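Engineer: Let me begin by handing over the structure; questions about it come next.
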Amino acid sequence: MSFEMSKRSLFAATALLAVTLAAPTAHAQSRAETLRYVTGATVNTLDPNIPGSTREAFALSMSSYDRLVSFGRKQLNGKWVFDLDTITGELAESYSVSPDGLKITFKLRPDAKFQDGSPVTAEDVKWSLDRCVTAPILGKAQLLTGSLTSADQFKVIDPLTFEVTLPKPDKLALPNLATVYPIIINSKLAKSHATAEDPWALNWTKENAAGSGAYIVETFKPGEQVIAKRNEAWNRGTPDKPAAFKRLIIQSVPEPATRANLVERGDADLVIDLQASDVQSLEGKAKLKVISTPQYNAVTFISMNNTIPPFDNVNVRRAIAYALPYDDMFKAALFGRGAPLYGATWADGKPPSGGYPIPQPIKLDLEKAKAYLKEAGMPDGFSTTFSFNVGQAATAEPMAALVKEQLGKIGIKVDIQKLPDAQMSTAINEKKLPFFTEGIVAWLPSTDYFYRNFYTGKQRWNYSSTDNAELEKIAQEARFEADKAKYEDQGKALNAIHFDQMFQIPIWQAAQDAVMQPTVDGYVYQFTRQVDYRNLSRK
Amino acid sequence: MGTIGATLVRAGRRFVSSLPALFGVLVFTFLLMRVLPGDPAVFFASSPNAGQEEIEVIRKQLGLDKPLPNQLAIYLYDVGRGNLGRSMMTGQAVAKDLKERLPASLELTLTALLIALISAVPLGVLAALRPGSLVDHGVRLFCSLGVCVPTFVSGLLLIYVFYYLFGWAPDPTGRIDIFATLPPQRTGFLIIDFLLAGDLEGWWAAARQLMLPALTMALFVIAPLARITRASMLVSLGSDFVRTARSVGLSWWRIVVTYALRNAILPVITIAGIVFSTMLGANVLVEKVFSWPGVASYALDALLVSDYAPVQGFVLLMATIFVIVNLLVDVLYGIADPRATVA
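The listed protein sequences derive, respectively, from chains A and B. Going by our numbering, the first sequence opens with residue 2, and the numbers climb by one from there. Going by our numbering, the second sequence opens with residue 45, and the numbers climb by one from there.
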């Protein structure tokens, strides 16, 4: 008995010793093969379609699920960004568009497997896309912008061939299938968790990933961390091999200064949401790699509600546009990190391009501002409030102070109103704010899309409550315009109306500052404004 | 036995009498959240294409489309069954979130309180023994500094020095090194779970992780505890029974600790109870700075986005804890001063 005991404890001691000795090397090895990404936000669902999903949840879903197609990448001013015009296959090995543009046929990869080992079939694709346009989820409104609205449009030809039919040729149909929502789900697995009230298994997918993506979620603690391991069988990357990092840690660290410390000390590998001041100082120290990309699919506005007096008067809006201290705001709010949308010179006063957004020929000119105010019949100015949300205080607060100070010079008295995020969204949705700053983002940044979504209708994103018949008509026409030159002209016309009517003032595109260890390679700015973990590797 | 029994009966009676107050808190928070101007449905329907339809879907999902009395009735019914609702923010059941996060907050707060008491009581006693002396002024200065510097400043400062400059402390990201393996969950208190699992290395890692945030919080609450100890000790040292004790030649230790301190400790216990309850809810800044997954930062995040269920759950939890802490203070009173049980 006692002999038995001592033998056992001797064995245990040896094992313990072995473990202790082996542990440090194993730890070091796995550290190099692990990507530790820290963020102020949090992943709140494993299914990006669930209403209320955060951007971090979108980013994770890019890696845990596959879509039929994905965006390529291109260089913009020497930095890699996603490319809307290159659509490559993801689960689709290839695709073809019929000559009349009404049918898109996808050939699926024959070797693609879900994370549980079952093959990906056209049936799964059909179920997943049906779900996207039928269930009460986020994908519905997104796919609508690509003329994908009904399950009848999706057809299984054979287990590896899938066909999408469109009511009319829509150049956004294919790009829409590369966005976050149309994930391809293991339909057999999901269906087994569906219930009568929840036929699309939303409650289950919220907390369980059933995809074929590059990373398999191991631990999911909302508000704390997600840990995922590499899917060795995944081969949808460009060089047809699995993702580079073996393990992925997405950790929520709410304090920005702590995130800066972590990455500077080398404990974190990558962070994209530091304060501009911290980025500035880290860049100065030159120990880390800093990639700043202007968020070319996002715009920050100083917005005016065109239905609330005095902003219903175009001359008041013009007066504001010439009274703002753009350069000072850009420096104070963003430390100059981003792309300004002011201070351009338009030859003969016409927009030089049909893109959106383009820099406008507005700059600080108090004389001009005063003249417009006089023309509006308000030479002595007026009083108004300027609102921003708490979540953006770091940039909006200094901006608001400058707006207040500067507008005071032309007699406009501004009260600054700082609103909690939910209050701000509510007030904007109810069109109650006269004058405020907000941002927009478009996943598929084409001119007509911007104008249709952000300058028409009574919906939330029409910050300026613009209601302009001509603009709406041109934007709707442009949507289905196949001729590139004509589309460009339409874009120019829209930009000209925008500048003339000054619905709201696009001020800049803030930079996405990705700060990473020098060993981290392959970062690409994505349409989600998040990191696509599959792009990254360690040198 | 008699006194213990009496204390228990009293505690039980106290608890029952606090139930209406808890119910009041429940209803009040419910109404308060709905009076606030933010609309959670609009906030959470914030994807690039979400329109009115999405807002309605979320509103329905949250039950916000029903009239207010109905909502309240459903809520009360759910709470009665132990269901605190679902958080939009984390996508989890609130009860589950709170259950996971409460041990983290308790572990931090209790450690901080322990550090605070261990340092505040001796400091207060020392100051009271030599009022007006250099020691007294030193303690006053230390307390003033502790209470003047906001916790997020002292927290960031400690991180800067011990983590960033010297590298002695582990990275300030939560309760345990992200690469470490967790012990099997028994109590939810990591330093206890590691001990139960016999994993000393893990225990040390967790304790190291706990040190800085606990210190930050302790610094902030040492002041009230030390000040109250000092004031109460002064009264007690000047009283007749201490003079008598001195005159009969009892030892210094016996006079100060056994007689003076035991008599002076009542207000300290009261304050400690209050400090504990406040810390638990108000340590949100410490939790944020150290990425501590506690209940306070959870509630703040929820409040910012008008996520009703977590905020209501949090307030209910805090109210319950407050009631329990008060009961505990009562019981401790009885032990410290047997006269208290009579009343």
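Backbone N, C-alpha and C define an ideal beta-carbon position, used for all residues, glycine too. Note that the structure is predicted; figures quoted are calculated from it, not measured.
1. Helix, strand or coil for Leu22 of chain A per DSSP?
2. Could you tell me if Leu244 of chain B is buried or exposed, where buried requires 16 or more neighbouring beta carbons within 10 angstroms of its beta carbon?
3. Could you check whether Glu164 of chain A and Thr106 of chain A sit closer than 7 Å to each other, using their CB atoms as the reference points?
4. Please list the terminal residues of the continuous beta strand (DSSP E) segment that includes Thr87 of chain A.
5. Would you mind working out which of B:Leu254, B:Asn327, B:Val193, B:Gly176 sits nearest Arg274 of chain B, comparing C-alpha positions?
6. Only counting the same chain, and skipping five residues up and downstream in sequence, which positions put a Cβ closer than 6 Å to that of Gly344 of chain A?
7. Comparing alpha-carbon positions, which option in B:Val191, B:Phe196, B:Ser335 lies nearest Gly253 of chain B?
8. Which partner residues does Ile228 of chain A have in the DSSP bridge list?
9. With DSSP run on the structure shown, which of helix, strand or coil describes Asn127 of chain B?
10. Quick check on the burial criterion: 16 or more other C-beta atoms within 10 angstroms. Buried or exposed for Asp109 of chain B?
11. Using a Cβ-Cβ distance cut-off of 7 Å, determine whether Tyr208 of chain B contacts chain A.
12. Return no unless some Cβ of chain A is closer than 7 Å to the Cβ of Ser149 of chain B.
13. For a cutoff of 7 Å on Cβ pairs, would you count Thr217 of chain B as touching chain A?
14. I think Ile51 of chain A touches Gly135 of chain B, with their Cβ atoms under 8 Å apart; what is that distance to the nearest whole Å?
15. Can you tell me where the beta strand (DSSP E) with Arg74 of chain A in it begins and where it stops?
16. Give the range of the beta strand (DSSP E) segment to which Arg383 of chain B is assigned.
17. So within the stretch 458-519 of chain A, which uninterrupted alpha helix (DSSP H) runs reach at least 4 residues, ignoring any that extend past its ends?
18. Taking DSSP's pairing of strands, which residues face Met305 of chain A in a bridge?
19. Are there three or more Cβ pairs, one per stretch, closer than 8 Å when the stretch 445-452 of chain A is compared with the stretch 477-493 of chain A?
20. Give the DSSP-derived three-state secondary structure of Leu66 of chain B in the structure shown.
21. Jot down the residue ranges of each uninterrupted beta strand (DSSP E) in the stretch 240-299 of chain A, minimum 3 residues, whole runs only, in chain order.
22. Any C-beta of chain B within less than 7 Å: which residues of the stretch 410-431 of chain A qualify?
23. Can you tell me whether Ala65 of chain B is buried or exposed, with buried defined as 16 or more other CB within 10 angstroms of its CB?
24. Is the stretch 192-202 of chain A touching the stretch 74-85 of chain A, taking contact as three or more C-beta pairs under 8 Å?
25. If contact is defined by three or more beta carbon pairs under 8 Å, each pair taking one atom from either stretch, is the stretch 307-314 of chain B in contact with the stretch 277-285 of chain B?
26. Note down the Cα distance separating Ile266 of chain B from Asp381 of chain B, rounded to an integer number of angstroms.
27. Mind checking if Asn45 of chain A is an interface residue toward chain B, Cβ cutoff 7 Å exclusive?
28. Report the residues of the stretch 187-217 of chain A with a CB closer than 9 Å to any CB of chain B, ordered along the chain.
29. Within a Cβ cutoff of 8 Å, which residues of the same chain sit near Thr162 of chain A, ignoring the five residues on either side of it in sequence?
30. Below 7 Å between beta carbons: does that hold for Val101 of chain B and Pro137 of chain A?
31. For Ala139 of chain B, which residues of its own chain have a beta-carbon under 8 Å away from its beta-carbon, when the five flanking residues on both sides are left out?
32. On a Cα-Cα basis, can you pick out the residue from A:Ser71, A:Gly102, A:Lys487, A:Lys230 that is closest to Glu91 of chain A?
33. Roughly how many angstroms separate the alpha carbons of Val315 of chain A and Tyr456 of chain A, rounded to a whole number?
34. Any C-beta of chain A sitting closer than 7 Å to the C-beta of Gln136 of chain B?
35. If we count Cβ pairs, one from each stretch, closer than 8 Å, do we get three or more for the stretch 311-329 of chain B versus the stretch 152-163 of chain B?
36. Go ahead and label Glu233 of chain A buried or exposed: buried means 16 or more other beta carbons lie within 10 angstroms of its beta carbon, across all protein chains shown.
Structural biologist: A quick look at the data gives this:
1. Position 21 of the first sequence, counted from the start, is the residue given in the question as residue 22 of chain A. Legend: pLDDT at Leu22 of chain A = 42, less than 50; position of this residue unreliable, value from coordinates given subsequently. Reduced to three states, the DSSP call for Leu22 of chain A is helix.
2. Translated into positions along the second sequence, residue 244 of chain B becomes position 200. Using a 10 angstroms sphere on the CB of Leu244 of chain B, the tally of other CB atoms stays under 16, which defines it as exposed.
3. Against the first sequence, residue 106 of chain A aligns to sequence position 105. Against the first sequence, residue 164 of chain A aligns to sequence position 163. Their beta carbons are under 7 Å apart, which means Thr106 of chain A touches Glu164 of chain A by this criterion.
4. As a working note, residue 87 of chain A is residue 86 in the first sequence. Counted as a single uninterrupted DSSP element, the beta strand (DSSP E) harbouring Thr87 of chain A occupies residues 80-90.
5. Counting from one through the second sequence, the residue named residue 274 of chain B turns up at place 230. Arg274 of chain B has its Cα closest to that of B:Gly176, out of B:Leu254, B:Asn327, B:Val193, B:Gly176.
6. Numbered from 1 along the first sequence, position 343 holds the residue referred to as residue 344 of chain A. Around Gly344 of chain A: Lys364.
7. Here residue 253 of chain B corresponds to residue number 209 of the second sequence, with the count starting at 1. Sequence inspection shows Gln at residue 253 of chain B; the Gly mentioned does not correspond to that position. Selection B:Val191, B:Phe196, B:Ser335 evaluated against Gln253 of chain B yields B:Ser335 as nearest (Cα-Cα).
8. Translated into positions along the first sequence, residue 228 of chain A becomes position 227. The partner list for Ile228 of chain A (beta bridge, DSSP) reads A:Thr220, A:Ile250.
9. Counted from its first residue, the second sequence places residue 127 of chain B at position 83. Coil.
10. Locating residue 109 of chain B in the second sequence gives position 65, where the first residue counts as 1. Looking at its Cβ environment, which holds fewer than 16 other Cβ atoms inside 10 Å, Asp109 of chain B is exposed.
11. Translated into the one-based positions of the second sequence, residue 208 of chain B becomes position 164. Answer yes: the Cβ-Cβ gap between Tyr208 of chain B and chain A drops below 7 Å somewhere.
12. Against the second sequence, residue 149 of chain B aligns to sequence position 105. Output row for Ser149 of chain B: interface = no.
13. Looking up residue 217 of chain B in the second sequence gives position 173. Chain A contact via Cβ: present.
14. One-based indexing of the first sequence puts residue 51 of chain A at position 50. One-based indexing of the second sequence puts residue 135 of chain B at position 91. The pair is a contact, with the Cβ atoms about 7 Å apart (cut-off 8 Å).
15. Sequence index remark: in the first sequence, residue 74 of chain A carries index 73 (1-based). For Arg74 of chain A, the uninterrupted beta strand (DSSP E) segment begins and ends at 70-77.
16. Taking the first residue of the second sequence as position 1, residue 383 of chain B is located at position 339. From DSSP, Arg383 of chain B is part of no beta strand (DSSP E); its letter is neither H nor E.
17. For the alpha helix (DSSP H) assignment, the uninterrupted runs of no fewer than 4 residues enclosed by the stretch 458-519 of chain A are, from N- to C-terminal side, 470-480, 485-502.
18. By 1-based counting over the first sequence, the position of residue 305 of chain A is 304. Per the DSSP secondary-structure output, Met305 of chain A pairs in a beta bridge with A:Phe436.
19. Contact between the stretch 445-452 of chain A and the stretch 477-493 of chain A is present: 3 or more CB-CB pairs across the two stretches fall below 8 Å.
20. Locating residue 66 of chain B in the second sequence gives position 22, where the first residue counts as 1. Helix at Leu66 of chain B.
21. For the stretch 240-299 of chain A, whole beta strand (DSSP E) runs of length 3 or above, ordered along the chain, are 248-253, 290-295.
22. So the list reads Pro421, Asp422, Ala423, Gln424, Ser426, Thr427, Asn430, given in the order they occur along the chain.
23. The residue labelled residue 65 of chain B in the question sits at position 21 within the second sequence. A residue is called buried once 16 or more other Cβ atoms fall within 10 Å of its Cβ, and Ala65 of chain B, having fewer, is exposed.
24. As far as the Cβ criterion goes, the stretch 192-202 of chain A does not touch the stretch 74-85 of chain A, which means the pair count is below three.
25. Yes, they touch.
26. The residue labelled residue 266 of chain B in the question sits at position 222 within the second sequence. The residue labelled residue 381 of chain B in the question sits at position 337 within the second sequence. Using only the alpha carbons, I get a separation of about 24 Å.
27. Taking the first residue of the first sequence as position 1, residue 45 of chain A is located at position 44. The C-beta of Asn45 of chain A comes closer than 7 Å to at least one C-beta of chain B.
28. Across the stretch 187-217 of chain A, CB contacts with chain B closer than 9 Å involve Lys207, Glu208, in sequence order along the chain.
29. Counting from 1 along the first sequence, the entry for residue 162 of chain A is found at position 161. Same-chain partners within the cutoff: Thr106, Phe107, Lys108, Leu109, Ala123.
30. Stepping through the second sequence from its first residue, residue 101 of chain B is reached at position 57. Stepping through the first sequence from its first residue, residue 137 of chain A is reached at position 136. Yes, they are a contact pair.
31. Your numbering for residue 139 of chain B matches position 95 in the second sequence. Spatial neighbours of Ala139 of chain B in its own chain (CB-CB distance under 8 Å, excluding positions within 5 residues in sequence) are listed in chain order as Gly126, Asn127, Leu128, Gly357.
32. The residue given as residue 91 of chain A occupies position 90 in the first sequence. The option with the nearest alpha carbon to Glu91 of chain A is A:Ser71.
33. Within the first sequence, numbered from 1, the residue matching residue 315 of chain A stands at position 314. Within the first sequence, numbered from 1, the residue matching residue 456 of chain A stands at position 455. Approximately 15 Å, taken between the alpha carbons.
34. In the second sequence, residue 136 of chain B corresponds to position 92, counting from 1. Yes, its Cβ sits closer than 7 Å to a Cβ of chain A.
35. Verdict: yes, contact present.
36. Counting from 1 along the first sequence, the entry for residue 233 of chain A is found at position 232. With fewer than 16 Cβ atoms within 10 Å of its Cβ, Glu233 of chain A is classed as exposed.
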